[in-house]
Each structure stands twice: as structure tokens, then as C-alpha cells.
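According to this note's numbering, the sequence shown is numbered sequentially starting from 8. Glycine included, each C-beta is placed from N, C-alpha and C at the ideal position.
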Amino acid sequence: MGKILVTGGAGFIGSNFVHYLLETTNHSVVVLDKMTYAANEMSLAGLDSNRFALVKGDIADRDLVDSLVADVDAVVHYAAESHNDNSLADPSPFVQTNLVGTFTLLEAVRAHRVRFHHISTDEVFGDLALDDPAKFTETTPYNPSSPYSSTKAGSDLLVRAWVRSFGIEATISNCSNNYGPYQHIEKFIPRQITNVLSGIRPKLYGRGLNVRDWIHAQDHSAAVLKILEAGKIGETYLIGANGEVNNITVLRTILRLMGQSEDSFEHVADRPGHDLRYAIDGSRLRQELGWEPVFTDFEAGLADTISWYETHRSWWEPLKAEVEAKYAKAGQ
8 MGKILVTGGA GFIGSNFVHY LLETTNHSVV VLDKMTYAAN EMSLAGLDSN RFALVKGDIA
68 DRDLVDSLVA DVDAVVHYAA ESHNDNSLAD PSPFVQTNLV GTFTLLEAVR AHRVRFHHIS
128 TDEVFGDLAL DDPAKFTETT PYNPSSPYSS TKAGSDLLVR AWVRSFGIEA TISNCSNNYG
188 PYQHIEKFIP RQITNVLSGI RPKLYGRGLN VRDWIHAQDH SAAVLKILEA GKIGETYLIG
248 ANGEVNNITV LRTILRLMGQ SEDSFEHVAD RPGHDLRYAI DGSRLRQELG WEPVFTDFEA
308 GLADTISWYE THRSWWEPLK AEVEAKYAKA GQ
């Protein structure tokens, strides 16, 4: 796999994967990104032009996708519309990108017999009760609850069908909630960090009891590379770091680490259909492929993330006013 096409590589998780590939392997990387609001070219600044290229375009553009896939050894598919609130306001971009875009990529890898890895989410499984000891596994039935998670579930099923019907070489991974550098400030953790840095009181949906299973984006990147290199074709792997924490605890930890009172936040109206709890059983990935997370201390990972946003104000400050105006309009 000398050359890898990374779709959505200017977004949060994709850009972390691009950095990880270039820093830890000899692969060259081509990024295909539509450069929507969630992408940031600054996230790819300074990369080695001898091993890296950025192509601005749509994964639903059949001719463009076909030409790029024909010239690579593998495709890692991160590109997706992924913000739940946006999917509730307008589901159409989620259908176009997550379903039509994935279909377009699958047809290209089928034509050129190229290895394909599909990035998905734990949200396709729906949610778990707060007091349920169970975790999601590779055999958990799908039960998505939003336009975002339902279109991601649909894209997973397309990949499985193309493996079975057409024999493409593909794997899937469903990951828990990521945090770390380069995450858009509309998302929970960077929104709270940048609120504090901007002198704005952080906001918390409802009572903040919803539980997420957090993983640092660097650990996610390492897991994806491991699956790409050694994963069994046609199989799904769950990626999690045993990082279950409820939202109010995350927020209070951020406030404490940033020298603020743990009660210096406001409650706002909860999101419609807000999933209660996600929890990943990543034991198969660990046992079969030997992957282990590096960021096992969530508080230390948060401190590292806070430091990144403190020292990269030029990356996020131009976005802040627009993001907060949008949330204010929605009463959040």
C-alpha cells in the first residue's frame, strides 16, 4: 500500500490520520475533500509535498473519484456529514454524502480492485440505558436514531453488500467519540474549551448525564492503520478505549483543568432524540490485531487537547463567532 487515498482528510479525524500516516509510515497520501465548513486546509499545513497532495472535490463525483482510485493502492473513507444537530435541521446533505458518496467510492474500488476501509461510528447501534452493563459489539443490531446515524448505518450496509456481492476487499470500523487536535469547534469538547478561552460561559445540554465513550484521535488513527494492514477482509472491528464519561463530568474536568469553577456553565435545552449512552467493546481488535490505546488517562488527554487549542488560536478563532451565533439562534 504505497499510496493511500484518504477521503475527508481535511476534517477532524481524517486529518489526524493523515498526520499519523506521514509521521509513522513511508506511505504517500492523497486527500480528497469537498472542503465544507467542517474541513480546514490549515489542518494539513506544512506536510511534505513529495508525499502528500490535496484534491478538492466531492466523493459523489464519479469521474473524479474513479480517476483518483485508479492511481492508489488503498482507500480509507473518512468523509461524512457527521453533526447530529445539522442532520436534524436538514438531512439531505447526509443522504447525499454518506450514502451516495459511499456508493460512488465502492463502485470505483470495485472497478479498480483497490483495498477499501470504511470509517463508521458507534451511533449506528443507537444507545444504551445509563444503568445497562452491556457494551456494543460487532454483532449488536443496528438501531440508529438520527438522520446522521441512519445514513452512516446505510453506508456500512452498502460496504457489506459490495463485499458479499462483488468481492471487494473491504473492512469496516465503528469508533466511539473522538477528541483531540483539529476538531471543529461546533463539537462538544472543543466548544467548551474555546468558550472558556473566549470568555463565554460553556453550555451543557440538559442535565449532562448522557455518557460517551471517548478515544483520542491519535489512538483511533493507530487502530485504523492496524486494521488496514492486518484486518480480515469483510470483517468489522469496533474501536474503543474504555473511556466512558458523562457529559457533565467532561465539562467540569475541562473547567477545572482551565482554572475555572466547575459550576461555571449554563444548562440549555436538550437535543431532540439525544442518545443516552454509548459504550464500545473493543476486545476483538485488541485480541486479534494487538492494538492498544496510548491515551489511557482521559484527563491527561483532555489536558493535551486544551493545550493544543490554547496554542492554535489562529486555527479556530475565525470560526468562533459564527458557530456561537448559530447555537444562540437555536437556543443552545
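Residues bridged to residue i [DSSP beta-bridge criterion]
i    : result
V25  : None, per the DSSP bridge assignment.
E251 : D220
A177 : F123
H191 : Paired residue(s): none; H191 is not in a bridge.
R284 : V218
L54  : DSSP, once it has assigned bridges, lists no residue as partnering L54.
K10  : S35
F143 : I287
Buried/exposed call for residue i, threshold 16 Cβ in 10 Å
i    : result
I20  : buried
V301 : exposed
K41  : buried
T243 : buried
F195 : buried
N5   : Residue 5 falls outside the range modelled here, since the chain spans only 8 to 339, and no answer is possible.
P151 : buried
F173 : exposed
N33  : exposed
T109 : buried
I316 : Note that residue 316 is Tyr in the sequence shown here, rather than Ile. By the neighbour-count rule (16 or more Cβ atoms within 10 Å), Y316 is buried.
A77  : exposed
T303 : exposed
K63  : exposed
D220 : buried
As assigned by DSSP and simplified to three states, the class of residue i
i    : result
V62  : strand
L135 : coil
T128 : strand
N185 : strand
L113 : helix
R214 : coil
F302 : coil
D40  : strand
Y334 : helix
D70  : helix
D270 : coil
Q225 : helix
E88  : coil
M49  : helix
K239 : coil
A17  : coil
The beta strand (DSSP E) enclosing residue i, as first and last residue numbers
i    : result
V166 : Not the beta strand (DSSP E): V166 falls in the alpha helix (DSSP H), residues 154-173.
V203 : Segment 195-204 is the alpha helix (DSSP H) holding V203; no beta strand (DSSP E) there.
E273 : 273-275
L245 : 243-246
C-alpha distance - residue i paired with residue j, whole-angstrom precision
i    : j    : result
N254 : R120 : 43 Å
V330 : K159 : 24 Å
D138 : L309 : 25 Å
E130 : Y285 : 7 Å
G241 : S228 : 20 Å
E306 : H274 : 23 Å
A328 : T201 : 11 Å
S56  : E88  : 28 Å
H319 : P325 : 11 Å
T31  : L232 : 10 Å
A46  : K239 : 31 Å
G9   : L28  : 11 Å
I11  : Y155 : 26 Å
A81  : T14  : 11 Å
H281 : T111 : 31 Å
R208 : S271 : 6 Å
V72  : I66  : 6 Å
D226 : T128 : 15 Å
R259 : V25  : 31 Å
T183 : V252 : Here the sequence assigns Ser to residue 183, which means Thr is not the residue at that position. Distance between the alpha carbons of S183 and V252 is about 12 Å.
A224 : R278 : 25 Å
W323 : H191 : 8 Å
A118 : D163 : 19 Å
V79  : G250 : 35 Å
Endpoints, the alpha helix (DSSP H) within which residue i is located
i    : result
A310 : 305-318
V79  : That residue, V79, is in no alpha helix (DSSP H); it is neither H nor E in DSSP.
S290 : 290-296
A96  : 91-96
Any chain C beta carbon closer than 7 Å to residue i
i    : result
N184 : The chain labelled as chain C is not found in the depicted structure, where only one protein chain is given.
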